[in-house]
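Novice: Residue numbers (the working numbering), protein chains in the order written: chain A, 9 to 440; chain B, 9 to 440.
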């Protein structure tokens, strides 16, 4: 008998097939048993009638516990009432392993801590499955976007010397005889080297922040995509970002209406995510926020609350541009039109989600960059190779980083980004 | 004037264009200057005649140092003698930044330590460029293979509790109030959880080994792809692996003849990489090695030298199957036909390259797995969630891990895997 995946069942109507999977639920009505089956590719209902399957199978079926692994053989029937349009008339059931214990994740509501502690099992539920399918598609959409744009993927290192944005949030790793290495919180500086070699480059990998932040927007380990382009200013940068975000949203909408429905995501706001996105100068944003009662002063970085308020004024993602120099990292290029600000932009996702991208034009003038490194009292000797990039063929260049899980939280309309990664890491969790 | 990429120059013949890039070399013959230009997308020669460009440009050109960043404007000419088939007749040159210093990487041969110390600049050379282009294609080929096969990408965590293969080679990371976290040296256990949820899964990310090995096959940070399939035995596993490897080799051959030529790779052996690959039982391999003079005894793992000898007996990659249990990890499934061995296979790349994949069927019987964990004196309490997978719907399942850089070293025919990653990390290097 042919073994088939539930996802492919539609091409086997009225044929006998074998499904290998798990029993995620069972309901019985006298001698009629409704087996809810899943195999990772999809879900289907198997209907087993005791008179048809015979007493041995009937007994086996009655003894099944949730999440038993089973091979179920039977005939595929078209059934308009079934959510997928198909049903399986069960001929027999082969039990691979039937749990001794009751499955810990039942229908009842569980607290988030319990679910996270059982993440290895929780992944089997329909909500995480929908999320992981969307995550998979979004990642492929990101990669295909850059592939088709002629970017070269450059995987930047995780283990790095003392170089990066802010030393206070670095994880430390004892490293042989070299002292301490740090887990990279950005690959940007490496991408700047690579973009001087290959023009247009990106990375996409895990990123680490030892921040003691316990908010719905923070993980200690998350995935980030960074892109860097030579001979590009921050205007080019924003145009690249909006095309990229729009491509990813389009890919998710095209392939995952069903999964978005499982996540109870209203897709109306997503349909509006079309190029170009809105743009707002930082100064104007501060005024708008003050008018709404925020205590923000010119010079402050936008807080999470400010971002939420601001994004609710926009239907589409909005770029906030030209932040004060003192609120941003040392490598951002001074704005010639106003040297108190830098040529940068944060992209805020709508509906209150806030920052998903931080980007800027980079300081390409050696003397200015060096002055900023000294101003910030960064360890100059660690930046030797980075300064080389301004000595040998420096060019205007720009880039950005987008947080994958924050982007997914917005696209999927979920509250906390810990739902958007298979095994979330927070300051209080490294298990399972 | 239209700005074009060198890669697209063929569609601009006899038109005036602007190229933005770098001068990687210059040669002069009296008043004739040959500018070797690169922009990351390709390379082209610009010919500047002093009488044509005028005295100001001529002076600028004469003053250019290697790796100066320049915008060069001129007319595209078809030229059969040029390596790319095109040449640029230079009209003018705009210098973006001309180095004060001589570029450190000259034509002369440099030692590997010097090149690694200047990896941020070395990346600009033709050999690393060829390698990074092939790496980009190989990574996309891996991902598209699994995408098209219906696998779900599951990014497994890097920061983990005390769980993994061998505690002796783990990097340690102080982790808030939770004590010590470790950098994952495999995501396999997590993928096993995910494959019980989604059937067919893979990951692809950086992996860490704190091994004090200073060989041409070792990096402390490298990229690994792992796949895990439910309801699959090790025979299915090997079939998946050979199709995957063959798909990647095919993609590289299809797109990178020119880059393989830069790397001086004879592609004849690669043409022979067709499915099915050879298979050899471990016991037979030991006998064959002994006949060649190796000191290996039944029960030993294959050393690097043994692998080299063995692969030279095969034209194609070869699976060595059913290793002794004591030489392999605790999670591999006992071979019912010979309980001293396990259902596993290592895939050795030909031409002396050796192991690129380690795979096995996993022990799916709770009692046997538990016995192995106790035999190996592993911390049982850390494996609670992993043991759950054998309690709730355990199924036969198999998987493997393939090292990206080792695979690239073989495909590209390079000696040392440090060439196969943008910024290599070894026990003595985390700079740049």
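Idealized CB from N, CA, C, for every residue including glycine.
Suppose you measure from the CA of residue 38 of chain A to the CA of residue 140 of chain A; what does that come to, to the nearest Å?
Specialist: Here the question's residue 38 of chain A lines up with position 30 in the first chain. Here the question's residue 140 of chain A lines up with position 132 in the first chain. Taking the straight line joining both Cα atoms gives about 37 Å.
Novice: Could you tell me how far apart the beta carbons of residue 326 of chain A and residue 316 of chain A are, in whole angstroms, since I believe they sit closer than 8 Å?
Specialist: Sequence index remark: in the first chain, residue 326 of chain A carries index 318 (1-based). Sequence index remark: in the first chain, residue 316 of chain A carries index 308 (1-based). The pair is not a contact, with the Cβ atoms about 12 Å apart (cut-off 8 Å).
Novice: Strictly under 9 Å for the Cβ-Cβ distance: is residue 379 of chain A near chain B by that measure?
Specialist: Translated into positions along the first chain, residue 379 of chain A becomes position 371. Chain B contact via Cβ: absent.
Novice: Any contact of the region 321–341 of chain A with the region 277–285 of chain A, i.e. 3+ C-beta pairs under 8 Å?
Specialist: Yes, the region 321–341 of chain A touches the region 277–285 of chain A.
Novice: Give the interface partners of residue 169 of chain B over in chain A, defined as CB-CB distance under 9 Å, in chain order.
Specialist: One-based indexing of the second chain puts residue 169 of chain B at position 161. Under the 9 Å cutoff, chain A gives 438, 439, 440.
Novice: Between the alpha carbons of residue 438 of chain A and residue 229 of chain B, how many angstroms are there, rounded?
Specialist: Translated into positions along the first chain, residue 438 of chain A becomes position 430. Translated into positions along the second chain, residue 229 of chain B becomes position 221. Cα to Cα, residue 438 of chain A sits roughly 21 Å from residue 229 of chain B.
Novice: Tell me whether the beta-carbon of residue 276 of chain B lies closer than 9 Å to the beta-carbon of residue 232 of chain B.
Specialist: Numbered from 1 along the second chain, position 268 holds the residue referred to as residue 276 of chain B. Numbered from 1 along the second chain, position 224 holds the residue referred to as residue 232 of chain B. Going by C-beta atoms, residue 276 of chain B is not nearer than 9 Å to residue 232 of chain B.
Novice: On the three-state DSSP scale, how would you describe residue 136 of chain A?
Specialist: Position 128 of the first chain holds residue 136 of chain A. Helix at residue 136 of chain A.
Novice: Between the Cα of residue 313 of chain A and those of A:99, A:396, A:301, spot the shortest distance and give me the residue it belongs to.
Specialist: Translated into positions along the first chain, residue 313 of chain A becomes position 305. Closest option to residue 313 of chain A, Cα to Cα, is A:301.
Novice: Could you tell me whether the region 54–70 of chain A touches the region 262–279 of chain B, where touching means 3 or more Cβ pairs closer than 8 Å?
Specialist: As far as the Cβ criterion goes, the region 54–70 of chain A does not touch the region 262–279 of chain B, which means the pair count is below three.
Novice: Assign residue 82 of chain B to one of two classes, buried (16 or more other C-beta atoms within 10 Å of its C-beta) or exposed (fewer than that).
Specialist: For this step, residue 82 of chain B is matched to residue 74 along the second chain. By the 10 Å Cβ count, residue 82 of chain B comes out buried.
Novice: Going along the chain, which unbroken runs of the alpha helix (DSSP H) with 4 or more residues stay wholly within the region 354–435 of chain A?
Specialist: Listed in chain order, they are 374–383, 392–399, 412–420.
Novice: How would you list, in chain order, the residues of chain A whose beta-carbon sits under 9 Å from the beta-carbon of residue 254 of chain B?
Specialist: For this step, residue 254 of chain B is matched to residue 246 along the second chain. Correct list: empty, because the minimum Cβ distance to chain A is about 21 Å.
Novice: With H, G and I counted as helix, E and B as strand and the rest as coil, what does DSSP make of residue 262 of chain A?
Specialist: The sequence position of residue 262 of chain A within the first chain is 254, counting from 1. DSSP places residue 262 of chain A in helix when its eight states are reduced to three.
Novice: Assign residue 232 of chain B to one of three DSSP states: helix, strand, or coil.
Specialist: Taking the second chain and counting its residues from 1, the one referred to as residue 232 of chain B is at position 224. Correct three-state label for residue 232 of chain B: strand.
Novice: Does any residue of chain B have a CB that is nearer than 9 Å to the CB of residue 409 of chain A?
Specialist: The sequence position of residue 409 of chain A within the first chain is 401, counting from 1. For residue 409 of chain A, the answer is no, since every Cβ of chain B falls outside 9 Å of its Cβ.
Novice: Taking Cβ to Cβ, would you say residue 168 of chain A is nearer than 9 Å to residue 219 of chain A?
Specialist: On the first chain, residue 168 of chain A is found 160 positions in, with the first residue counted as 1. On the first chain, residue 219 of chain A is found 211 positions in, with the first residue counted as 1. No, the pair does not count as a contact, with Cβ atoms beyond the cut-off.
Novice: Which chain A residues are close to residue 418 of chain B, counting only those with a beta carbon under 7 Å from its beta carbon?
Specialist: By one-based count along the second chain, residue 418 of chain B stands at place 410. Per Cβ cutoff of 7 Å: no residues; residue 418 of chain B is ~19 Å from chain A at best.
Novice: Would you kindly report the start and end of the unbroken beta strand (DSSP E) that includes residue 212 of chain B?
Specialist: Within the second chain, residue 212 of chain B is the residue found at index 204, counting from 1. Start and end: 208–216.
Novice: If we ignore side chains and look at the alpha-carbon of each, how far apart do residue 56 of chain A and residue 240 of chain B end up?
Specialist: By 1-based counting over the first chain, the position of residue 56 of chain A is 48. By 1-based counting over the second chain, the position of residue 240 of chain B is 232. About 26 Å.
Novice: Taking Cβ to Cβ, would you say residue 95 of chain B is nearer than 9 Å to residue 53 of chain B?
Specialist: In the second chain, residue 95 of chain B corresponds to position 87, counting from 1. In the second chain, residue 53 of chain B corresponds to position 45, counting from 1. Yes, the pair counts as a contact, with Cβ atoms nearer than the cut-off.
Novice: To which residues of the same chain is residue 11 of chain B closer than 6 Å at the C-beta, ignoring the five residues directly before and after it?
Specialist: For the purposes of this step, residue 11 of chain B is taken as residue 3 along the second chain, with counting starting at 1. Excluding positions up to five away in sequence, the list reads 26.
Novice: CA-CA distance, residue 102 of chain A and residue 80 of chain A?
Specialist: As a position in the first chain, residue 102 of chain A is number 94, starting the count at 1. As a position in the first chain, residue 80 of chain A is number 72, starting the count at 1. Distance between the alpha carbons of residue 102 of chain A and residue 80 of chain A: 6 Å.
Novice: Measuring from the CB of residue 194 of chain A, is there a heavy atom of the ligand ATP at a distance below 8 Å?
Specialist: The ligand ATP is not part of the structure shown, which contains no ligands of any sort.
Novice: By the 10 Å Cβ neighbour count, where 16 or more other Cβ atoms means buried, how is residue 159 of chain B classified, buried or exposed?
Specialist: As a first step, residue 159 of chain B must be located in the second chain, where it is residue number 151. By the 10 Å Cβ count, residue 159 of chain B comes out buried.
Novice: To be precise: take each residue of the region 24–56 of chain A, compare its Cβ to all Cβ atoms of chain B, and keep it if any distance is under 9 Å. Which residues remain?
Specialist: Those would be 28, 29, 30, 31, 46, 47, 48, 49, in chain order.
Novice: Which residues in chain B have a C-beta closer than 8 Å to the C-beta of residue 337 of chain A? List them in chain order.
Specialist: Along the first chain, read from residue 1 onward, the residue named residue 337 of chain A stands at position 329. Simply none; closest approach about 19 Å.
Novice: Residue 79 of chain B lies in the beta strand (DSSP E); which residues open and close that run?
Specialist: Position 71 of the second chain, counting from 1, holds the residue named residue 79 of chain B. Start and end: 77–86.
Novice: Anyone know if the C-beta pair for residue 51 of chain B and residue 227 of chain B falls short of 9 Å?
Specialist: Here the question's residue 51 of chain B lines up with position 43 in the second chain. Here the question's residue 227 of chain B lines up with position 219 in the second chain. Against a cut-off of 9 Å, the Cβ pair of residue 227 of chain B and residue 51 of chain B comes out as no contact.
Novice: Note the first and the last residue of the continuous alpha helix (DSSP H) segment covering residue 124 of chain A.
Specialist: Residue 124 of chain A sits at position 116 when you count from the first residue of the first chain. First-last of the alpha helix (DSSP H) with residue 124 of chain A: 120–125.
Novice: Apart from the five residues on each side of it in sequence, which residues of its chain come closer than 7 Å, Cβ to Cβ, to residue 129 of chain B?
Specialist: In the second chain, residue 129 of chain B corresponds to position 121, counting from 1. Excluding residues within five positions, the ones whose Cβ falls inside 7 Å are 112, 113.
Novice: Compare the beta carbon distance of residue 46 of chain A and residue 104 of chain A with 9 Å and say whether it is the shorter of the two.
Specialist: To locate residue 46 of chain A, count along the first chain from 1; it is residue 38. To locate residue 104 of chain A, count along the first chain from 1; it is residue 96. Contact: no.
Novice: For residue 225 of chain B, would you say it is in contact with chain A, using Cβ-to-Cβ distances shorter than 9 Å as the test?
Specialist: Start at 1 with the first residue of the second chain, and residue 225 of chain B comes out as number 217. So no, residue 225 of chain B is outside the interface.
Novice: Quick one: what's got a C-beta closer than 8 Å to residue 336 of chain A's C-beta in the same chain, skipping five residues either side?
Specialist: For the purposes of this step, residue 336 of chain A is identified with residue 328 of the first chain, where counting begins at 1. Closer than 8 Å at Cβ, skipping near neighbours: 309, 350, 352, 368.
Novice: Taking residue 136 of chain B as the reference, give the member of A:433, A:432, A:205, A:34 with the closest Cα.
Specialist: Sequence index remark: in the second chain, residue 136 of chain B carries index 128 (1-based). The option with the nearest alpha carbon to residue 136 of chain B is A:205.
Novice: Quick one: which residues of the region 130–144 of chain A get their C-beta closer than 8 Å to a C-beta of chain B? List them in chain order.
Specialist: Correct list: 131, 132, 136, 137, 140, 141, 143, 144.
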